[in-house]
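Take a look at the structure set out below.
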Amino acid sequence: MLQQRSGWLTILPSGKWFIQLPRQALGKRSQKKLFASLGPFSHNKRVYTGLPAMQPGRFRTRINWKMMNDSLKLGPLIGILTVGEGAAFLGNRENFKDISQSGKRWGALVYVFTPQGINWEKKKVRGYLYNHKQNLWQEVVLPFPHVVYNRIPTRKAEQRPEVKKALARIHEMPNVTLFNRCFFDKQELFSMLKKYPEVHAFLPETKKLDTLARFKGFCTEHRFVYLKPVRGKAGEGIMRVEYKNDGWRLQRLKEQRAVTRRFSNLEDLWKHVNSHVRQQRYIMQQGIRRARFNGKPFDVRVLVQKNGHGEWGVTGVGIRRSGSQSITTHVPRGGSIHSLSSVLQTLFKADPEKMEEKIHQTALTIASTLNEEIKDLAEMSMDLGLTEDGSLWFFEANAKPEKFDEPSIRRLSLSNLIHYAQYVSRLQSGREAAAG
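Residue 475 is where the sequence shown ends in my numbering, and the numbering goes up by one at each step.
Below, the structure is given as structure tokens:
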């Protein structure tokens, strides 16, 4: 008989684990030593029942438990993977704290770990638990997690040989789910999506920026083009090329402002672009004339995640409007945040709900299509362009979305993260039970 509930787990600095269970769950076992099966490799650990006395360094979280054939299973164990030396690990610590607190609320043990902290032979990690009361990270040796949430903060760190090797090994581990194995590559993303007819209508023409001939041909055809680094983020390195008033205008970001230069021909413009591109890989993308809100163009930013049923859903949609001196909508570069409802009610008065539904369906179609090509996706944010006639265009997607500023979207995103981890770890125990 399978039971699944949540109870309070307490971990002491001494390494002892305590679990609070209802008396009827223990039955005849109440007089015996209790052992729990932990993590995807079924580590056997002695656990004590009840609540230990208060002491410094005591860590508590809600956790799901399951009694199967006299064995106590606890989970899910969610490991946030980052890089750095020991407790000086890198990454967005505020985000890590939020995820840890969400685990506490909804029933999961969350800890941070790094590739250096993995003991591959014992299938254990040196993890860091967030102690909310003392606002510090406590080092504890823990079983390998059911779910590894990849939050390595930079592409450079993710490309280190030892990190790539660790990610490849985790990917191959049985019963371990790796969320979002790596950052997206813009060029690869469009190459993948082009193969699927159901998303063709949303893709602006996109080509590699490599030769003068290709550059001239592309700019001559479209007259309005964006140049984007294949591995850029937050608008870094983006340039905008446009034919205006019998000449070519180039805008690029410098700090918070767009710097503009004019050229009489594409050959001179190419030389200038090349001096800024240097060794970076770039793509050229057809420019789209987006609708404007309060006089400025905007992007539709959508967060899509898998939920507690393992299905893609739209967690939330926010509007990012470009700043007065910027060519991107990124908030750190002068962009501003607006609610979807206010924008749609202004621009699509006749049926704003229909437009919202179209945005949701488009985002879900793109997410599920990408998931056909990249199997270990659990979430992504994407930027869509919306035109005055209600057409939608896909600009880019981010495999490691930063937290949304809208509180309701943020709350739901954390809930989805924990509940999807619970879903996949339940499936794994089901496979184990079936195999046994």
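Just so you know, even glycine gets a beta-carbon here, dropped at the ideal spot from N, CA and C.
Between the Cα of residue i and the Cα atoms of the options, which residue gives the shortest distance?
i      : options                           : result
Ile448 : Tyr169, Glu124, Val86 and Gly352  : Gly352
Tyr477 : Gly326, Ala92 and Gly276          : Nothing can be reported for residue 477: it is not among the residues displayed for the chain, which extend from 40 to 475.
Asn437 : Asp428, Ser139, Arg300 and Leu416 : Leu416
Pro61  : Leu51, Ala389, Lys71 and Gly89    : Gly89
Lys442 : Ile413, Gln344, Thr385 and Val264 : Gln344
Leu251 : Pro446, Glu306 and Ser53          : Glu306
Lys162 : Met212, His171 and Pro200         : Met212
Gly54  : Thr245, Lys84, Phe80 and Ser375   : Lys84
Glu97  : Cys258, Pro200 and Gln173         : The question names Glu, but residue 97 is Arg in the sequence shown. Ranking the options by Cα distance to Arg97, first place goes to Gln173.
Val341 : Lys388, Glu435 and Ala205         : Glu435
Leu129 : Leu266, Gln94, Tyr167 and Thr49   : Tyr167
Ala297 : Ser361, Phe152 and Gln324         : Ser361
Arg144 : Arg99, Leu73 and Asn131           : Arg99
What is the DSSP secondary structure of residue i, reduced to helix, strand or coil?
i      : result
Arg44  : strand
Ser81  : coil
Asn410 : helix
Ala297 : strand
Asp415 : coil
His458 : helix
Ser381 : helix
Asp428 : coil
Gln344 : strand
Val122 : coil
Glu471 : Residue placement at Glu471 is poorly supported in this model, since its pLDDT is 39, which falls under 50; the coordinates are not used for a value here.
Glu350 : coil
Leu289 : strand
Glu445 : coil
Val187 : strand
Ile50  : strand
Gln318 : coil
Asn437 : strand
Glu392 : helix
Ile376 : strand
Arg18  : Residue 18 cannot be examined here, being either before or after the span of the chain that is shown, 40 to 475.
Lys283 : strand
Phe57  : strand
Ser464 : helix
Arg194 : helix
Ser452 : helix
Ala75  : strand
Gln31  : Because the chain spans 40 through 475 in this model, residue 31 falls outside it and cannot be assessed.
Lys272 : coil
Arg62  : helix
Are residue i and residue j close, meaning C-beta to C-beta below 9 Å?
i      : j      : result
Asn346 : Tyr462 : yes
Leu423 : Met231 : no
Arg101 : Trp159 : no
Phe222 : Gly118 : no
Tyr87  : Phe135 : no
Lys126 : Trp176 : In the sequence as presented, Lys is not what sits at residue 126; that position holds Ala. Yes; because the gap between Cβ atoms is below 9 Å, this pair is in contact.
Phe433 : Pro236 : no
Ile51  : Leu116 : Note that residue 51 is Leu in the sequence shown here, rather than Ile. No, they are not a contact pair.
Val179 : Ile209 : no
Leu358 : Ser381 : Going by the sequence as given, residue 358 is Ile instead of Leu. Yes, these two residues count as a Cβ contact at 9 Å.
Val280 : Val312 : yes
Asn214 : His185 : yes
Met421 : Ala406 : yes
Phe302 : Leu425 : no
Answer with yes or no whether the minimum CB distance from residue i to chain C is below 9 Å.
i      : result
Ser380 : This model lacks chain C altogether, as it is built from one protein chain only.
I believe residue i touches residue j by the beta-carbon criterion, under 8 Å. Please report the beta-carbon distance rounded to the nearest angstrom.
i      : j      : result
Leu431 : Thr401 : 5 Å
Ile322 : Lys247 : 6 Å
Leu451 : Gly349 : No, Leu451 and Gly349 are not in contact; Cβ-Cβ is about 16 Å, not under 8 Å.
Lys112 : Ala75  : 7 Å
Gly156 : Val164 : 5 Å
Gly114 : Ser45  : That pair is no contact at about 11 Å.
Ser454 : Ser139 : Not a contact, Cβ separation roughly 14 Å.
Glu275 : Pro268 : 7 Å
Phe229 : Thr245 : 4 Å
Ile277 : Leu292 : 6 Å
Which ranges does the alpha helix (DSSP H) cover as unbroken runs of at least 4 residues, wholly within the segment 204-270, from first to last along the chain? Within the segment 204-270, the complete alpha helix (DSSP H) segments at least 4 residues long are 225-232 and 251-261, listed from N- to C-terminus.
Mind listing, in chain order, the continuous beta strand (DSSP E) runs of no fewer than 3 residues lying wholly within the segment 85-167? Uninterrupted beta strand (DSSP E) stretches at least 3 residues long and entirely within the segment 85-167 occur at 98-107, 110-114, 116-120 and 148-152, given in chain order.
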